[in-house]
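In my numbering, each number is its position in the sequence shown, counted from 1, plus 546.
Some notes on the structure that comes next.
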Amino acid sequence: MLNNKGVVIQIQLSERQKKIIDIVKYNEPITSENIAKKLELTRGTLRPDLAILTMSGILDARPKVGYFYTGKTAFSFISEKIQKIKVSERKSVPIVVDEETSVYDAIVTMFLEDVSTIFVISNGFFTGVVSRKDFLKNAIGGLNLHKTPVAVIMTRMPNIVVTTLEESVLDAATKIIEHEVDSLPIVEEVAKDNGDKAYKVVGRITKTTIVRIFVELGNNE
Numbered sequence: 547m548l549n550n551k552g553v554v555i556q557i558q559l560s561e562r563q564k565k566i567i568d569i570v571k572y573n574e575p576i577t578s579e580n581i582a583k584k585l586e587l588t589r590g591t592l593r594p595d596l597a598i599l600t601m602s603g604i605l606d607a608r609p610k611v612g613y614f615y616t617g618k619t620a621f622s623f624i625s626e627k628i629q630k631i632k633v634s635e636r637k638s639v640p641i642v643v644d645e646e647t648s649v650y651d652a653i654v655t656m657f658l659e660d661v662s663t664i665f666v667i668s669n670g671f672f673t674g675v676v677s678r679k680d681f682l683k684n685a686i687g688g689l690n691l692h693k694t695p696v697a698v699i700m701t702r703m704p705n706i707v708v709t710t711l712e713e714s715v716l717d718a719a720t721k722i723i724e725h726e727v728d729s730l731p732i733v734e735e736v737a738k739d740n741g742d743k744a745y746k747v748v749g750r751i752t753k754t755t756i757v758r759i760f761v762e763l764g765n766n767e
């Protein structure tokens, strides 16, 4: 689980904690004294275990009543936490080129930055996306890479899936899976001088980022 500083802390359950959950599940509401009796332990010995189980949301404690099982598991708790992680907390620097950049120079940028997708802008506003597949397809097709601007081969707005700083990483991950893309541009909506709606690219979130988050939570790092 996450502490109040957003750091992931250990939530792996011990065998005794699992026994406590089972006892509460089938005897709720039950006091700490009666839990201790069933395990033939003292209340003081169980206090740390009960604290962990209530803080993690697996058990609920009610004064003068006892403990209840909430129905949550360690996995569901992780699920709740990942829904609370905002894209803004895990965004990385976007790799951006101008529409007039040649396809050749864009390919060089892609490999130097070691990314699979480049975002394209015009006058500072987000206009398109170009991927490794786009480059490969057009290179094989005999396109003049040095003279052709990247704008010719990119996918243009509004046919691009985007995310925002306020969206959860779970929502972003869902978009990545549903649309079978490697990354999403993180955008902010702005108004042009003429009042038209436009977007600024403020970051990116990738498959690697999403996987890293799940691994961190799964390993309780």
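The beta-carbon is built from N, C-alpha and C at its ideal position, and this holds for glycine as well.
Note that the coordinates shown come from a computational prediction; the quantities given were computed from them, not determined experimentally.
Original post:
Is residue 684 buried or exposed, if buried means 16 or more other CB atoms sit within 10 Å of its CB?
Top reply: By the neighbour-count criterion, in which a residue is buried when 16 or more other Cβ atoms sit within 10 angstroms of its Cβ, residue 684 is buried.
Original post:
So what does DSSP say about residue 635, is it helix, strand or coil?
Top reply: If DSSP states are grouped into helix, strand and coil, residue 635 belongs with the helices.
**OP:** Run the CB neighbour count on residue 637, radius 10 Å, all protein chains shown included, and call it buried at 16 or more, exposed below.
**Re:** A residue is called buried once 16 or more other Cβ atoms fall within 10 Å of its Cβ, and residue 637 is buried on that count.
**OP:** Return helix, strand or coil for residue 594, following the three-state DSSP convention.
**Re:** In the three-state reduction of the DSSP assignment, residue 594 falls in the helix class, which pools H, G and I.
**OP:** Taking 9 Å as the cut-off, decide whether the C-beta atoms of residue 578 and residue 593 are in contact.
**Re:** Yes, they are a contact pair.
Subject >> Nearest-angstrom beta carbon gap, residue 711 and residue 748 [assumed within contact, 8 Å] >> reply: Their Cβ separation, rounded to whole angstroms, is 7 Å, which keeps residue 748 and residue 711 in contact under 8 Å.
**OP:** Report the three-state DSSP secondary structure of residue 722 (helix, strand or coil).
**Re:** In the structure shown, the three-state DSSP call for residue 722 is helix.
Original post:
At which residues does the beta strand (DSSP E) containing residue 605 begin and terminate?
Top reply: According to the DSSP assignment, residue 605 belongs to the beta strand (DSSP E) that extends over 605 to 608.
Original post:
Looking only at DSSP bridge pairs, what is residue 667 linked to?
Top reply: For residue 667, the beta-bridge partners assigned by DSSP are 644, 672.
Original post:
What is the residue span of the beta strand (DSSP E) that residue 653 lies within?
Top reply: Premise fails: residue 653 lies in the alpha helix (DSSP H), 649 to 659, not in any beta strand (DSSP E).
Subject >> Status (buried if at least 16 other CB within 10 Å, exposed otherwise) for residue 674 >> reply: Counting the other Cβ atoms within 10 Å of the Cβ of residue 674 gives 16 or more, which makes it buried.
Original post:
If we ignore side chains and look at the alpha-carbon of each, how far apart do residue 611 and residue 734 end up?
Top reply: So the two alpha carbons sit approximately 49 Å from each other.
Subject >> Below-9 Å beta-carbon distance, residue 678 vs any chain D residue >> reply: This model lacks chain D altogether, as it is built from one protein chain only.
**OP:** Quick one: residues in its chain with C-beta nearer than 8 Å to the C-beta of residue 754, no 5 flanking neighbours on either side, listed in chain order?
**Re:** The answer is none, since no qualifying residue turns up.
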